[in-house]
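To start, the structure itself, in structure tokens.
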Amino acid sequence: MIGSCADDRVFSGHHRTQRGGSSADRKRERKEAEAALIESEARYRLLAENATDIIWTTDMNFQTTYVSLAIEQILGYSVEEGLTLNLENILTPTSCQAAKRVFLTELVTEKRNGEDSPRTRTLEVEAIRKDGDKVWLEIKLRFLRDVKGRPTGALSVARDISERKSLQAQFHQAQKMEAVGRLAGGVAHDFNNLMTAVLGYCGLALHQLDEGDLVRQDVLEIKKAGERAAALTRQLLIFSRQEALETQIVNLNYIVVNLKKMLRRLIGEHIELAAVLAENLGTIESNSGQIEQIIINLAINARDAMPKGGEITIETANVVLDRDYARQHLDVTPGPYVMLAVSDTGHGMDRETQGRVFDPFFTTKEQGQGTGLGLATVHGIVKQNNGHIWLYSEPGYGTSFKIYLPQVEDEAAPTRAAETATQPSSGDETILLVEDEKMVRELAQHVLTRAGYTTLPAQHGPEALQIN
């Protein structure tokens, strides 16, 4: 159809220039025009069939009238199958409505402006492959017209932009997590100072109260509540990657094996626990306690997704993320990694939930049954360890979290020089105390003064330098 439109113009133009010749001349010119038409059509067809983008035409009812071979690579349909499809078969309902809206809008616009102002519109739509997978297409669309200029259908050129859309989504997610992390870190830092003062004064009060004092139990309850609040604060600091991290060489298999007994108690008897651990697993440089926290949080999340029972599988493996993988995933450096995967057979997650699952305080549980910090903490730990975490989930088919942590050489941990025990200070020294938070500074000054020290408090460095 593309070639015939162009070749019709070649034939007509050629015919007009030869008007008035002899019958033999007209016959010869007609044969030359027909040969040119055949050559032109073959050339256009060759271009269309070898294009990496899908070239297709539809009639005014959105029924396919021509489609190029690229449909096999991009959508999985043969050309013969493609000719039986219409817009509803190819696009998701939302994209189908959007494409029809653009089609009709352009039809009205071109009719209003006249046929001398044809336009090409570009739109992004989500298409459904033959195997059910979804791909994003960038479509450039314009109308096909008959010799009188009336629209007869549309010519579309569709390019697979799934990789670009995926990278854009990852970039936006990373931006969101970075912004939320900064906010959470700032709140956690201020809240941590408040809880330091609360717990500190609770400790001082407990030292002054006898075991049988009725007030002592009240202070203990305040202390317990403060410790829970401090634990939440630490999780926020982990999420925002502001908690100091002491690392060592770690083998994930050892951690999984040591955790299995505790995990079985956590998930309950109605859930099976399986471990698929790779032999000769590489090592990582991390903090054992934080890796344990990752596994425990993911196991609890999996347990909550299977109230009627199911199976949790913990898997480890040596993997190499190559350049192709790195190109498709934001911030991934090619190289050897150790993979930790935690999968369940639970109810799975829809797309909206997947997009928010790592947000702090986001939870699908009923009010009061979850803090919404478990997966946010996992995300923070992984990023703090220069790792990557990917979520694979489908409603009704379970969820799998895959974590990739950089592999390092298994070197012996450096030994520390023996430390000479020092005698504690007698308590009559003078201490320069620098702390910007007033409540924490006053608490520290109070504790040190009670211990017999003379303190010189300062809010910041410049003030400390002015103290004689």
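The sequence shown begins at 19 in the working numbering and counts up one residue at a time.
The beta-carbon is built from N, C-alpha and C at its ideal position, and this holds for glycine as well.
Quick caveat: nothing in here was measured; it's all calculated off a predicted structure.
C-beta neighbour in chain B for L391, strict 9 Å: Absent here is chain B; the protein component of the structure consists of one chain.
To the nearest angstrom, report how far apart S418 and R137 are at their CA atoms. Stepping through the sequence shown from its first residue, residue 418 is reached at position 400. Stepping through the sequence shown from its first residue, residue 137 is reached at position 119. Going by the C-alpha atoms only, they are around 46 Å apart.
What are the start and end residues of each continuous beta strand (DSSP E) run of 3 or more residues lying completely inside the segment 278-331, in chain order? Complete beta strand (DSSP E) runs here, min 3: 289-294 and 301-304.
Are the segment 362-382 and the segment 406-425 touching by the rule of at least three beta carbon pairs closer than 8 Å? Of all C-beta pairs linking the segment 362-382 to the segment 406-425, three or more are shorter than 8 Å, placing the two stretches in contact.
Output yes or no for whether 9 Å exceeds the beta carbon distance between V400 and I421. On the sequence shown, residue 400 is found 382 positions in, with the first residue counted as 1. On the sequence shown, residue 421 is found 403 positions in, with the first residue counted as 1. Against a cut-off of 9 Å, the Cβ pair of I421 and V400 comes out as a contact.
Select from T140, T381, I318 and A51 the residue whose C-alpha is nearest the C-alpha of S174. Counting from 1 along the sequence shown, the entry for residue 174 is found at position 156. When each option's Cα is compared against that of S174, the closest is T140.
Should the segment 90-108 be called in touch with the segment 147-156, which here means at least 3 C-beta pairs below 8 Å? Yes, the segment 90-108 touches the segment 147-156.
Going by DSSP, which residues form a beta bridge with G171? Translated into positions along the sequence shown, residue 171 becomes position 153. According to DSSP, G171 bridges with D77 and L162.
Around the C-beta of P354, are 16 or more other C-beta atoms found within 10 angstroms, so that it is buried, or is it exposed? Walking along the sequence shown from the start, residue 354 turns up at place 336. By the Cβ-count criterion, P354 is exposed, with fewer than 16 other Cβ atoms from all chains shown falling within 10 Å of its own Cβ.
Hey, would you say H347 sits closer than 9 Å to M324, going by beta carbons? Along the sequence shown, one-based indexing puts residue 347 at 329. Along the sequence shown, one-based indexing puts residue 324 at 306. Taking the C-beta atoms as reference points, M324 is found no nearer than 9 Å to H347.
Thinking just about the alpha-carbon of each residue, which of L299, Y343 and F80 is nearest to the one in T170? Counted from its first residue, the sequence shown places residue 170 at position 152. Answer by Cα proximity: F80.
Hey, out of L358, L339, S361 and T331, whose CA is closest to T351's CA? Along the sequence shown, one-based indexing puts residue 351 at 333. Answer by Cα proximity: L339.
Can you tell which of K152, T102, R160 and L103 has the C-alpha that lies nearest to the C-alpha of E124? Mapped onto the sequence shown, residue 124 falls at position 106. Considering only K152, T102, R160 and L103, the residue with the shortest C-alpha distance to E124 is R160.
Out of D77, E98, M78 and I73, which one is the CA nearest neighbour of S86? Within the sequence shown, residue 86 is the residue found at index 68, counting from 1. Residue I73 holds the alpha-carbon nearest to the alpha-carbon of S86 among D77, E98, M78 and I73.
Rounded to the nearest angstrom, how far is the Cβ of P424 from that of G405, given a contact under 8 Å? Indexing the sequence shown from 1 puts residue 424 at position 406. Indexing the sequence shown from 1 puts residue 405 at position 387. About 7 Å; that satisfies the 8 Å criterion.
Buried or exposed: which applies to T438, given that a residue is buried once 16 or more other Cβ atoms fall within 10 Å of its Cβ? Your numbering for residue 438 matches position 420 in the sequence shown. Note that T438 has pLDDT 47, beneath the 50 cutoff, so the model's placement of it is unreliable and the number below is only indicative. By the C-beta density criterion, T438 is exposed, having fewer than 16 other C-beta atoms within 10 angstroms.
In three-state terms, what does DSSP make of K152? Along the sequence shown, read from residue 1 onward, the residue named residue 152 stands at position 134. Correct three-state label for K152: strand.
Cβ neighbour criterion (16 or more within 10 Å) applied to I332: As a first step, residue 332 must be located in the sequence shown, where it is residue number 314. Buried, by the Cβ-count rule.
Would you mind sorting I309 into buried or exposed? The rule is 16 or more other CB atoms within 10 Å of its CB. Residue mapping note: residue 309 aligns to position 291 of the sequence shown, counting from 1. Flag for I309 reads buried.
Should I267 and I302 be called a contact, given that it needs their Cβ atoms to be closer than 9 Å? In the sequence shown, the residue the question calls residue 267 occupies position 249. In the sequence shown, the residue the question calls residue 302 occupies position 284. Closer than 9 Å, so yes.
Measuring alpha carbon to alpha carbon, tell me which of A293, K326 and R282 ends up nearest A359. To locate residue 359, count along the sequence shown from 1; it is residue 341. When each option's Cα is compared against that of A359, the closest is A293.
DSSP puts A17 in a beta bridge; with which residues? Absent from the structure is residue 17, since the part of the chain shown begins at 19 and ends at 486.
Helix, strand or coil, according to DSSP, for S184 in the structure here? Residue 184 sits at position 166 when you count from the first residue of the sequence shown. Taken through DSSP and simplified to helix, strand or coil, S184 comes out as helix.
Reduced DSSP secondary structure (H/G/I, E/B, other) of Y410: Taking the sequence shown and counting its residues from 1, the one referred to as residue 410 is at position 392. Strand.
Kindly indicate which residue of L232, I108 and G416 has the alpha-carbon position closest to the one of I89. Taking the sequence shown and counting its residues from 1, the one referred to as residue 89 is at position 71. With distances taken between Cα atoms, I89 lies closest to I108.
If you draw a straight line from the alpha carbon of V274 to that of S306, how long is it in whole angstroms? In the sequence shown, counting from the first residue as 1, residue 274 sits at position 256. In the sequence shown, counting from the first residue as 1, residue 306 sits at position 288. Those two C-alpha atoms are separated by around 11 Å.
Cβ atoms of N269 and L291: under 9 Å apart, would you say? If you number the sequence shown from 1, residue 291 lands on position 273. If you number the sequence shown from 1, residue 269 lands on position 251. Going by C-beta atoms, L291 is not nearer than 9 Å to N269.
Contact set for I285: own chain, Cβ-Cβ below 7 Å, skip 5 residues either direction: Residue 285 sits at position 267 when you count from the first residue of the sequence shown. Beyond the five residues adjoining it in sequence on each side, I285 comes within less than 7 Å, by CB distance, of L291, A317, R321 and I330 in the same chain, given in chain order.
Hey, out of H207, Y415 and A249, whose CA is closest to E455's CA? Taking the first residue of the sequence shown as 1, we reach residue 455 at position 437. The closest CA to that of E455, considering only H207, Y415 and A249, is found on H207.
Do G416 and N315 come within 9 Å of each other at the CB atom, strictly closer than that value? Residue numbering aside, residue 315 sits at position 297 when the sequence shown is read from its first letter. Residue numbering aside, residue 416 sits at position 398 when the sequence shown is read from its first letter. Using a Cβ distance threshold of 9 Å, N315 and G416 do not count as a contacting pair.
Among residues of its own chain, excluding the 5 on either side of R434, which ones have a beta-carbon nearer than 7 Å to its beta-carbon? As a first step, residue 434 is located in the sequence shown; it is residue number 416 there, counting from the start. Low local confidence applies: a pLDDT of 40 at R434 is under 50, so the model's placement there is unreliable, with the coordinate-based value given in what follows. Contacts found: none.
Pull up the DSSP beta-bridge partners for T82, would you. To locate residue 82, count along the sequence shown from 1; it is residue 64. Note: T82 sits in a beta bridge opposite T76.
What's the gap between the Cα of D164 and the Cα of T112? If you number the sequence shown from 1, residue 164 lands on position 146. If you number the sequence shown from 1, residue 112 lands on position 94. Between the alpha carbons of D164 and T112 lies a distance of about 31 Å.
Can you check DSSP and say which residues form a bridge with F419? As a first step, residue 419 must be located in the sequence shown, where it is residue number 401. V360 and L409.
Confirm, please, whether the CB-CB distance from A117 to V143 is below 9 Å. For the purposes of this step, residue 143 is taken as the residue at position 125 of the sequence shown. For the purposes of this step, residue 117 is taken as the residue at position 99 of the sequence shown. Taking 9 Å as the Cβ cut-off, V143 and A117 qualify as a contacting pair.
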